[in-house]
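Following: one structure in structure tokens, then a few remarks.
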């Protein structure tokens, strides 16, 4: 009897231990996700008590809206402009920090500092730096004779400004992850490479990068997911008010999240339409992350 | 009730029973929350009120203009989360007077006898469509004037005396003409944002962006198109500083003195004063082109969710009473909606050093008295934002005026 109970305990207890996470995830993750799908099939505004079923009308309207495609394009552009330099810088920084250095803890802490700063603070400071009339960056450009740039009003310039904020905030974080992975690479590989006369750069591309590929895949996927959801940086860059939500007068830096927010909260609380946007965003993120995963994996098999 | 009484009762038992009794209910603390956007200058008034109403506690919740109104809408829709008292700006008031069931009817609470205290059109704006319920009591009105930098005017060879400046621009076309003269001499911009100037022009008309049946008339009201054309003319002459109101760049521009004039509803004076601390005496106030008009202004409302309508009503009727409105005006510049003050020497004689001792009390009184009331539709604030973006696209060379206008029309048509 007690033997059977013991065996049952062995088999069931692990499930019990992991249950809290899955129960919470079901309540706060799965349920909202499915409920959003349900809402997206209705003409659901917060201001009215009736929510008629409209099928895929919200999705049809969404795909017919040029502002949606504009937002998607902006999001992808900012994603590329922020993620690629960010991960390259991170890799380089991690490689430099992987050498015998004095004050390692100091440098590692320093890397993480931008990441622990609040997004809002970062966005506000950078918006001032990128200011048209009184911004520091324009003052420097002007003193170099390059002329002022209206950062906010150009499409490319505003994307660069927003990407800079993201790069500044996330490079250190990613390089710490890379650094941790690099520490696990056997030292003797480097020693024999050094004996064979390989340069630092060769060691980075031939030993380090192939050895830490799973970590690179992880950071690429995570950065893609984050990059497709940027909200605070463009919103505050636009001044925080209604022009922030539309991403400038010409919607030149409105991202998908801002587009969703515009319909959910400033444009008549159209929750049905906003839910449809959320699901399309979800699909875009899954697709983007999946493509990037395949892309990074492909590099592994060729090198 | 029980929650409050239980500790009181416990207190009675702990101390001497004699001190307590029937008095307990009277001393019950009532906490009133009041939701505002920006600084209304109410803080010193709360202390004054609490001195005569010891059982009232007041908690102020301040958020940003657009966010505040969104939150109020959401809280009313979901029947939860609203403050006892919510401030509603005039650009949004019609959206809320259209659903009087969500608010306590102030007429039932005894507001009927206050009607004579307010400007008739201000009172009207707070009424529901059928006139049977009063949703809000008026605080300030945005009587318009034009604030200008007299030092920049002098450098451009323009008159600096406020009466002479007022005579320069009876109409907006004259204003643009003066701007061209100014631009011929000075590198600074003539005004900060064309959207602001556009809004002033439209709000002076007898009809704005909605008709009385709440239909959008952006494309059919000739006044709107005329205001658009005048703004475009000014933009093409390079007069705009191309700023978006309320952004950090806009705020900084006051301090740097990079533009010469700004449409100045009474409440704007306090923004100029805080943003351009170094420019005391350099700013002055003249009449606004195109006659009187009102821009902005607020009502205080009592959402139905509030559980202390009687106490809350008592507070807002006190806050909006002429005596308190006069105090708020002197502290912040928000101009009273109580016409009896417009002839009181206390107000008409009020001047401000910062504005070169301009008699702002008299200027804004004259302006407020001459206002022709305009009907505000449900999404007026959002319509102006969409048009402002359109003008911004022209300013930044992203679109030609015709393209911008077309996009504005399709954008406002989507506002539901």
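Residue numbers (the working numbering), protein chains in the order written: chain A, 103 to 405; chain B, 1105 to 1520.
Ideal Cβ placement from N, Cα and C applies to all residues, glycine included.
Burial state of residue i (16 or more Cβ within 10 Å)
i, result
"residue 1135(B)", "exposed"
"residue 1476(B)", "exposed"
"residue 1366(B)", "buried"
"residue 251(A)", "buried"
"residue 1521(B)", "Since the first residue of chain B shown is 1105 and the last is 1520, residue 1521(B) is not available in this structure."
"residue 1329(B)", "exposed"
"residue 1414(B)", "exposed"
"residue 1105(B)", "Caution is warranted here: a pLDDT of 40 is assigned to residue 1105(B), below 50, making its placement in the model unreliable, and the coordinate value is therefore given only provisionally. Exposed is the call here."
"residue 1541(B)", "Absent from the model: residue 1541(B). The displayed extent of chain B is 1105 to 1520, so no value can be given."
"residue 366(A)", "buried"
"residue 170(A)", "buried"
"residue 1483(B)", "buried"
Candidates the options: closest to residue i by CA position
i, options, result
"residue 287(A)", "118(A), 316(A), 127(A), 398(A)", "316(A)"
"residue 328(A)", "104(A), 188(A), 313(A)", "188(A)"
"residue 306(A)", "324(A), 193(A), 155(A)", "193(A)"
"residue 399(A)", "173(A), 313(A), 174(A)", "313(A)"
"residue 1170(B)", "1189(B), 1183(B), 1139(B)", "1139(B)"
"residue 1230(B)", "1248(B), 1370(B), 1211(B)", "1211(B)"
"residue 1290(B)", "1239(B), 1266(B), 1351(B), 1363(B)", "1363(B)"
"residue 371(A)", "148(A), 106(A), 172(A)", "148(A)"
"residue 284(A)", "158(A), 198(A), 178(A)", "198(A)"
"residue 273(A)", "234(A), 296(A), 323(A), 186(A)", "186(A)"
"residue 279(A)", "131(A), 195(A), 169(A), 268(A)", "195(A)"
"residue 1381(B)", "1358(B), 1322(B), 1150(B), 1370(B)", "1358(B)"
"residue 1361(B)", "1386(B), 1182(B), 1283(B), 1218(B)", "1386(B)"
"residue 1297(B)", "1508(B), 1494(B), 1518(B), 1255(B)", "1494(B)"
"residue 1353(B)", "206(A), 232(A), 389(A)", "232(A)"
"residue 1370(B)", "1351(B), 1331(B), 1304(B), 1348(B)", "1304(B)"
"residue 1283(B)", "1265(B), 1141(B), 1252(B)", "1252(B)"
"residue 1318(B)", "1162(B), 1201(B), 1190(B)", "1201(B)"
C-alpha gap between residue i and residue j, whole angstroms
i, j, result
"residue 241(A)", "residue 229(A)", "14 Å"
"residue 1394(B)", "residue 1197(B)", "25 Å"
"residue 1500(B)", "residue 255(A)", "7 Å"
"residue 1528(B)", "residue 339(A)", "For chain B, the structure presents residues 1105 to 1520; residue 1528(B) sits outside this window and is missing."
"residue 1326(B)", "residue 333(A)", "39 Å"
"residue 1442(B)", "residue 1373(B)", "19 Å"
"residue 1051(B)", "residue 1455(B)", "Because chain B spans 1105 through 1520 in this model, residue 1051(B) falls outside it and cannot be assessed."
"residue 1397(B)", "residue 1470(B)", "11 Å"
"residue 1128(B)", "residue 1153(B)", "In this prediction, residue 1128(B) has a pLDDT of 41, which is less than 50 and means its spatial position is unreliable; what the coordinates show is noted afterwards. Distance between the alpha carbons of residue 1128(B) and residue 1153(B): 21 Å."
"residue 1215(B)", "residue 1472(B)", "23 Å"
"residue 1337(B)", "residue 275(A)", "51 Å"
"residue 1224(B)", "residue 1478(B)", "12 Å"
"residue 277(A)", "residue 225(A)", "21 Å"
"residue 120(A)", "residue 111(A)", "14 Å"
"residue 1186(B)", "residue 1174(B)", "11 Å"
"residue 210(A)", "residue 270(A)", "15 Å"
"residue 1180(B)", "residue 1188(B)", "12 Å"
"residue 132(A)", "residue 123(A)", "12 Å"
"residue 1459(B)", "residue 1517(B)", "41 Å"
"residue 1497(B)", "residue 1507(B)", "10 Å"
"residue 183(A)", "residue 261(A)", "8 Å"
"residue 1263(B)", "residue 1332(B)", "28 Å"
"residue 1258(B)", "residue 1307(B)", "30 Å"
"residue 1126(B)", "residue 1156(B)", "With a pLDDT of only 41 at residue 1126(B), under the threshold of 50, the placement of this residue in the model should not be trusted; the figure read from the coordinates follows. If you take the alpha carbons of residue 1126(B) and residue 1156(B), they lie about 21 Å apart."
"residue 369(A)", "residue 392(A)", "33 Å"
"residue 395(A)", "residue 336(A)", "27 Å"
Open item on the list: Contact between the segment 1398-1409 of chain B and the segment 1197-1210 of chain B is defined here as three or more beta-carbon pairs at a separation below 8 Å; is this criterion met?
Closed with: Contact holds: three or more Cβ-Cβ distances are below 8 Å.
Task: Interface residues of the segment 225-243 of chain A facing chain B [CB-CB below 9 Å] - done: Shown in chain order are the members of the segment 225-243 of chain A whose Cβ falls below 9 Å from a Cβ of chain B: 226, 229, 230, 233, 234, 235, 236, 237.
Open item on the list: Does the contact criterion of 3 or more C-beta pairs under 8 Å hold for the segment 1341-1357 of chain B versus the segment 1305-1319 of chain B?
Closed with: no
Task: Contact between the segment 1267-1278 of chain B and the segment 1500-1509 of chain B (3+ Cβ pairs under 8 Å) - done: Short answer: they don't touch.
Task: Members of the segment 359-375 of chain A near chain B, C-beta cut-off 8 Å - done: 367, 368, 369, 370, 371, 372
Task: Short-range partners of chain D found in the segment 128-155 of chain A, where Cβ spacing is below 7 Å - done: Looking for chain D here will not work: the only protein chains present are A and B.
Task: Cβ-based contacts, 9 Å cut-off: residues of the segment 317-349 of chain A near chain B - done: Residues passing the 9 Å Cβ filter: 340, 341, 342, 343, 344, 345, 346, 347, 348.
Task: Near-chain A residues of the segment 1441-1472 of chain B - C-beta to any C-beta below 8 Å - done: none
- [ ] Check distances from the C-beta atoms of the segment 255-280 of chain A to those of chain B and list, in chain order, the residues that come in under 8 Å.
- [x] Here the close residues are 255.
Task: Segment contact, 8 Å Cβ cut-off, at least three pairs: the segment 356-368 of chain A with the segment 122-136 of chain A - done: no
Task: Segment contact, 8 Å Cβ cut-off, at least three pairs: the segment 286-303 of chain A with the segment 212-223 of chain A - done: Here the segment 286-303 of chain A makes no contact with the segment 212-223 of chain A; the two share fewer than three CB pairs at distances below 8 Å.
Task: Meets three-Cβ-pair contact criterion under 8 Å: the segment 1237-1244 of chain B and the segment 1459-1469 of chain B - done: no
Task: Three-pair Cβ contact test at 8 Å for the segment 164-175 of chain A versus the segment 371-380 of chain A - done: yes
TODO: Quick one: which residues of the segment 1356-1373 of chain B get their C-beta closer than 8 Å to a C-beta of chain A? List them in chain order.
DONE: 1356, 1357, 1360, 1362
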